[in-house]
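Structure first, then comments.
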Amino acid sequence: MTTIRLHVTDREGRESVLDVETGQSLMLAARNAGVEIEGACDGAMACSTCHVIIDSLWSAQLPPIRVEESDTLALASHPTRLSRLACQIMLTPQMDGLRFKLPKNP
Numbered sequence: 014m015t016t017i018r019l020h021v022t023d024r025e026g027r028e029s030v031l032d033v034e035t036g037q038s039l040m041l042a043a044r045n046a047g048v049e050i051e052g053a054c055d056g057a058m059a060c061s062t063c064h065v066i067i068d069s070l071w072s073a074q075l076p077p078i079r080v081e082e083s084d085t086l087a088l089a090s091h092p093t094r095l096s097r098l099a100c101q102i103m104l105t106p107q108m109d110g111l112r113f114k115l116p117k118n119p
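For the sequence shown, our numbering gives the first residue as 14, with consecutive numbering after it.
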């Protein structure tokens, strides 16, 4: 596994830098680093509580959103075109520097 750096903006607008291991979901990596992402279904894509907003410069660099993820995101509070479920993004070395934020209304 490789360590990569992530940049997260929390619900209050504070930015943090996380050094995390690849090979796990963005949700697990962020939670293990102390970011408050609920993830009520533990990554089963049965809820939308791990909703994050990917930086526009990174959105096109991630694997495309699948229909099931899109359907689940429709349940999120105020999804945007940059919204993703953090449980569905598996971290790779190419994601070093990824920027995302937590929505203001989870």
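From the three backbone atoms N, C-alpha and C, an ideal C-beta is built for every residue, glycine too.
At what residues does the alpha helix (DSSP H) containing residue i begin and finish?
i: L39; result: 39-45
i: S72; result: 69-72
i: T85; result: 80-86
Taking the continuous beta strand (DSSP E) assigned at residue i, which residues delimit it?
i: V48; result: Where V48 is concerned, there is no enclosing beta strand (DSSP E), given that its DSSP letter is neither H nor E.
i: E34; result: 28-34
i: R24; result: It is not in any beta strand (DSSP E) - R24 carries neither H nor E in the DSSP assignment.
i: S96; result: 96-98
i: K114; result: 112-114
Spatial neighbours of residue i within its chain, please: CB distance less than 7 angstroms, with the 5 preceding and 5 following residues excluded, ordered by chain position.
i: A46; result: L31, V33
i: M58; result: E81, E82, T85, L98, C100, Q101
i: K117; result: R24
i: R79; result: none
i: M108; result: I17
Checking 8 angstroms against the spacing of the C-beta atoms, do residue i and residue j come in under that value?
i: T105; j: T35; result: yes
i: S61; j: L88; result: yes
i: L75; j: L19; result: no
i: V21; j: K114; result: yes
i: S38; j: G56; result: yes
Identify, in the order they occur along the chain, each residue of the same chain with its Cβ nearer than 6 angstroms to the Cβ of residue i, setting aside the five sequence neighbours on each side.
i: P92; result: L86
i: E51; result: T62
i: M14; result: E34, T35, G36
Three or more C-beta pairs closer than 8 angstroms, one from the segment 35-43 and one from the segment 54-73: is that the case here? Touching, per the Cβ criterion.
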